[in-house]
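Okay, so here's the structure we're looking at.
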DNA sequence: TATTGTTATACTCTATAACTATA
DNA sequence: TATAGTTATAGAGTATAACAATA
């Protein structure tokens, strides 16, 4: 049913089981490609700030599923590294707005570039038909994980 | 090129960039589905022992990319939890063999079952053609991450 | 008084260095 | 003397509880 090639034998189990194993392995390899020595938690948080604009520590903590004190600490670490900046909210003095600096944006860009490069090298070795399959699969996976 | 549907708009960027984002998001959701309160590092290590049979602490440390002392600690934790057992190597008294207990195997089975269930529920809502695309994509991804 | 964020403190995880036991 | 593993110790990271400032 769709596979008569040689190479690595298809592992036992249904589609869900095969997908689980392969998706987790792929993401593990992808995550290993990064710039600098920030932990994955810091990288993820910084990427969130870069992508979703100025955010309060509370919003960030909720999005990253950590407690506010942990987020406070992460923000301070990245602020000391020159990747984030803090400003007080214009209308509500209790709140704080966290913004990425130029260096922070560059860091995120570089990490994404490296990961894309890792993938691109592998995609380049595929046939156009295989790339089309991955493109279609990406849309399906995006749909079922965001709906 | 292959997509005229509505729903979530295709994000900007090439295939590598879209794949990176979607694969990382999918794996994040998948990882969130698990049994019990073991950390991902402990779960991964336990799965390794269950799948790849009795292993020495040194081999395990290498496979999981942690240092031997860290592995010693993880083994002790899982041994105290009744999920792993230690026996001395039959011929070399310096070495130790780590084996999964019945409870350890059950734990791994349950985690895999939950993750598969999470995926299966979503796969069930797809058309046969879409499932075939994911099946083909899985084989391609498996090939490029294990070759 | 309620809300936002930070500081104080403790626990877990992982690393390097030092140690024990066996080959 | 070399190797496999563990214990000692230190440094991140994250949590809960207590605190400070603003609405």
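Protein chains in written order, with our numbering: chain A, 1 to 147; chain B, 148 to 294.
Just so you know, even glycine gets a beta-carbon here, dropped at the ideal spot from N, CA and C.
For the 8 Å CB-CB criterion, residue 168 of chain B and residue 158 of chain B form a contact. Below 8 Å, enough C-beta pairs join the stretch 104–122 of chain A and the stretch 76–95 of chain A to call them touching: three or more. Residue-level contact by beta carbon holds for residue 25 of chain A and chain B, with a gap shorter than 8 Å. Counting C-beta atoms within 10 angstroms of its own C-beta, residue 112 of chain A has 16 or more neighbours from the protein chains shown and is therefore classed as buried. By the Cβ criterion, the stretch 162–176 of chain B is in contact with the stretch 117–128 of chain A, since at least three pairs of Cβ atoms, one from each stretch, lie closer than 8 Å.
Interface annotation, residue 60 of chain A: not in contact with chain B, CB-CB separation never under 8 Å. Around the beta carbon of residue 40 of chain A, fewer than 16 other beta carbons sit within 10 angstroms, so the residue counts as exposed.
A distance below 6 Å between beta-carbons, with the five flanking residues on each side excluded, links residue 47 of chain A to the following residues of its chain, in chain order: 108.
The beta carbons of residue 38 of chain A and residue 115 of chain A sit no closer together than 8 Å. In this structure, A/56 is the residue among A/25, A/135, A/142 and A/56 with its C-alpha nearest to the C-alpha of residue 92 of chain A. In summary, residue 236 of chain B is exposed, with fewer than 16 beta-carbon neighbours lying within 10 Å of its beta-carbon over all protein chains present. Contact of residue 70 of chain A with chain B by beta-carbon distance below 9 Å is absent, the smallest such distance being about 16 Å. Judged by beta-carbon spacing, residue 245 of chain B lies within the 8 Å limit of residue 196 of chain B, meaning their Cβ atoms are closer than that value. In the structure shown, residue 99 of chain A adopts extended strand secondary structure according to DSSP, grouped into three states. By the criterion of a C-beta distance shorter than 7 Å, residue 101 of chain A is surrounded in its chain by 82, 83, 84 and 85, once the five residues flanking it on both sides are discounted. For the 8 Å CB-CB criterion, residue 293 of chain B and residue 141 of chain A do not form a contact. One alpha carbon belongs to residue 36 of chain A, the other to residue 74 of chain A, and they sit about 16 Å apart. The Cβ of residue 266 of chain B sits closer than 8 Å to at least one Cβ of chain A. By DSSP's assignment, residue 231 of chain B forms a beta bridge with B/247.
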